[in-house]
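Since the structure comes first, as structure tokens, the remarks are kept for the end.
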Amino acid sequence: MIGQNKIWKVLVDGGSSVNILYHRTYSNMNLEGEQLDPCHEAPLYGFGNQPVPIKGTITLSVLLGKAPYTIEKQVKLYVVRVESPYNAILGRPALTSFQTVSSIPHLKLKFPTEHGIGEMRGDQKTA
């Protein structure tokens, strides 16, 4: 969950230096009333070393896991207007904050919760 929305197709990318929310997803989340904070940082650079303009940043609640093995944190997301098959990218800042451990061969993400170890599984077909 990001904000109050269940979001599918989130890329977990330990190589990404920021957390991304694509503008299309941002618009579909009915967050237009939420003011984007201006971002005065240099542009991000994506694949092919191409600059990616930043529309702004927003801090939203992100919930990982299924009850009772859930954890929720406030995550700063960079809203960018580029096309992607994904709705969001959780990069190193979020993965570090959630203290995640990932297993690429198993498409699994594990993290500590109040009730034990939570986990989320990816789906190779949708990935």
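Last residue of the sequence shown: 211 (this note's numbering), numbering continuous.
Ideal Cβ placement from N, Cα and C applies to all residues, glycine included.
- Non-local C-beta neighbours of D207 in its own chain, meaning closer than 8 angstroms and more than five positions away in sequence, comprise L191, ordered along the chain.
- Listed as beta-bridge partners of I138 by DSSP are V164.
- The continuous alpha helix (DSSP H) containing S181 extends over residues R176 to S181.
- Bounds of the beta strand (DSSP E) holding S187 are V185 to S187.
- Two segments are said to touch when three or more pairs of C-beta atoms, one from each, lie closer than 8 angstroms; by this definition the region 96–107 touches the region 154–173.
- A direct Cα-to-Cα measurement between I86 and K209 gives close to 22 angstroms.
- Residue L95 holds the alpha-carbon nearest to the alpha-carbon of I188 among A178, Q88 and L95.
- Within the region 104–130, the complete alpha helix (DSSP H) segments of 4 residues or longer fall at 107–112, listed in chain order.
- By the neighbour-count criterion, in which a residue is buried when 16 or more other Cβ atoms sit within 10 angstroms of its Cβ, S111 is exposed.
- E118 and T197 have their C-alpha atoms roughly 29 angstroms apart.
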